[in-house]
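In what follows, a structure is listed as structure tokens, so that the remarks can point back to it.
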Amino acid sequence: MAAEKKSGYRKNFSLSVTFIVLISILFILSLFLAFNYSKKSIENEFVSEKVNVLEESIKPYNEFFQNKMPEVSYYNGFLDSATASKFVDTLSLKFPFISKVMFYDSEVKNTPVRDGVNVGHLSIGPKSIFQFGKKINPDSVKLFSELDARSFRVDDDFNSMALKLVRFIDQLDTASVPTQEELFTNFSVVLSNKITYLNIPPRQDLKVYKEMLQSKLNPSPVYQQDMLVFQLDPKKIKIVNTRPLLYQVIRVEPLTYDPIDTSDENITTEIALPGAFSDFKLYFTSSKSYIKKEIFIYFMPIALVLLLVYGVLLLVAFLIYRNLNINSKMFKLQYDFVNNLTHEFKTPVSVIKIAGNNIKSATALSQKEQQLYGKILDEEADKLNGLMNKLLAFTQIENKAIKLNQEEVNIEDFIESTIESHTLKHPDFEITYEIVGFKTFIT
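If you read the sequence shown in the working numbering, its first letter stands for residue 23, the second for the next number, and so on.
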């Protein structure tokens, strides 16, 4: 460093070191902030992504409720036990959460019924009742027939649906057309783990129902109505884990479920199921070690980008250091070149000065001495001129203004001229030489 100050050049390596330290601190700080950001993002996703899991898991239920269940209306009330059994089997295979189905083959009459609902002149009662399901004994499929002598107490599912139909008919405006949403709402009942659906009759049948409610028609009409009660098992819902790396365990639990064993090592969240499963929820559980894997997966791309930026900045710092080092060496070479060139200038100047003093102090010069001094002055002047040309050429070469011209020099002539110039300064200087192998060199 002292030599650098003496020569007048400062590398400022401390600035490079400061730059590297600064970007290293920023790199470490960025990694820390990126990790915290990744952790916060995954924790937020743990809470928000449960909606996607719910949507995917509940898709079969929505398809059943919105598309498959209304297909009952396509039969216009003419479902029999065999057709109903096939229909239920098809649904059970596709939707495993359907555990049992009650089928009410019913009639709407203008005469009172023994088993059913009688309001005004309108009566609704079942002809027969069947139950279908994987665990239903074949002997227990048929529960009731109007041909049976015994009386049968119709359950609340049938009565509530029949009364809902009566209220709808009573309030029905026959001059307007009810919307599909209005019809679907009035011909279905959604309860906990149970959906009751009554086939929607044509509009002209609804008008007749209203007339039957208000008066007795002649002849007395009879219309067919099919009602199905679907018993659902929320535990049979196929859970679709859209984020398996985020959610370790997902299960269906009652809405009131609150685990007693709550460990700090686990992270939990929950979301309520819709519709007939509204008394249940999806319960999500993941251990903190399991979540950390997802955090690192999220964090690694960010860390790689930061590492790439850090590497580029280190490369820039290295290039700056290399350029400073090269410039330092170039400055040293230039410094040495100037010193050497100054020395080269002093030599011919000293020789010329000595020759001039000798000529000045001599009272008389012989012809031989005149020729010697003339030759020395001429050679040293040529050397000065050559040095000036070299200095100019060096500047032009550095600026790439000219190309180098190679010149062949005779070694013996070069040595003789050098010895003569030194003999003039040092008369006692003696030197012998021998040339072996080559006589010229390129400069």
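Ideal Cβ positions, reconstructed from N, Cα and C, are used throughout, including at glycine.
Secondary structure of residue 40 (DSSP, three-state): helix. Between residue 271 and residue 78 the beta-carbon gap is near 17 Å, outside 8 Å, which marks them as no contact. With distances taken between CA atoms, residue 94 lies nearest to 210 out of 51, 210 and 137. By the beta-carbon neighbour count (other beta carbons within 10 angstroms, threshold 16), residue 221 is buried. Taking 8 Å as the upper bound for CB-CB distance, residue 131 and residue 300 are not in contact here, some 36 Å apart.
When Cβ pairs closer than 8 Å are counted between the two stretches, the region 63-80 is seen not to touch the region 379-390, the count staying below three. In the same chain as residue 444, and ignoring 5 residues on each side of it, the C-beta atoms closer than 7 Å to its own belong to 451, in chain order. Note that the region 193-207 touches the region 222-233; at least 3 beta-carbon pairs, one per stretch, sit closer than 8 Å.
Between residue 309 and residue 288 a beta carbon distance of about 6 Å is seen, short of the 8 Å cut, so the two are scored as contacting. Put simply, of 374, 297, 182 and 410 the residue whose alpha carbon is nearest the alpha carbon of residue 396 is 374.
Residue 407 counts as exposed, since fewer than 16 other beta carbons sit within 10 angstroms of its beta carbon. Per the Cβ contact rule, the region 234-254 is not in contact with the region 47-61 (fewer than 3 Cβ pairs under 8 Å). For residue 179 against residue 207, the beta-carbon gap comes to about 17 Å, at or over 8 Å, which does not count as contact. In the DSSP secondary-structure assignment, residue 274 is bridged to 304. In the structure shown, residue 266 adopts coil according to DSSP, grouped into three states. Excluding sequence positions up to five before and after residue 457, its CB lies within less than 7 Å of the CB of 433 and 434, all in the same chain and listed in chain order.
Here residue 334 carries a helix assignment [DSSP, helix/strand/coil]. Cβ-Cβ separation between residue 463 and residue 431: approximately 6 Å, consistent with a contact (criterion under 8 Å). Within its own chain, the residues whose Cβ lies closer than 8 Å to the Cβ of residue 90, once the five positions on either side in sequence are excluded, are 113, 116 and 117, listed in chain order. Within a 10 Å sphere around the beta-carbon of residue 274 sit 16 or more other beta-carbons, which makes this residue buried.
In the same chain as residue 110, and ignoring 5 residues on each side of it, the C-beta atoms closer than 7 Å to its own belong to 123 and 154, in chain order. For residue 82, there is no enclosing beta strand (DSSP E); the residue is part of the alpha helix (DSSP H) that begins and ends at 72-85. The beta carbons of residue 268 and residue 203 sit no closer together than 7 Å.
For the 7 Å CB-CB criterion, residue 258 and residue 119 form a contact. Inter-residue distance for residue 346 and residue 354 is about 12 Å (C-alpha atoms, whole angstroms).
The three-state reading of DSSP puts residue 64 in helix, counting H, G and I together.
Taking 7 Å as the cut-off, the Cβ atoms of residue 146 and residue 166 do not count as close. In this structure, residue 121 and residue 254 form a Cβ contact; the two beta carbons are roughly 7 Å apart against a cut-off of 8 Å. Looking only at 235, 278 and 169, the smallest Cα-Cα distance to residue 142 is reached by 235. With respect to residue 149, residue 168 sits close: the two C-beta atoms are nearer than 7 Å. For residue 430, the enclosing beta strand (DSSP E) stretches over residues 430-432.
Residue state for residue 135 is assigned as coil, using DSSP reduced to three classes. Sixteen is the threshold: when 16 or more other Cβ atoms of the shown chains lie within 10 Å of the Cβ of residue 251, as they do, the residue is buried.
DSSP places residue 248 outside any alpha helix (DSSP H); the residue lies instead in the beta strand (DSSP E), whose first and last residues are 244-254. With respect to residue 249, residue 107 sits apart: the two C-beta atoms are not nearer than 7 Å.
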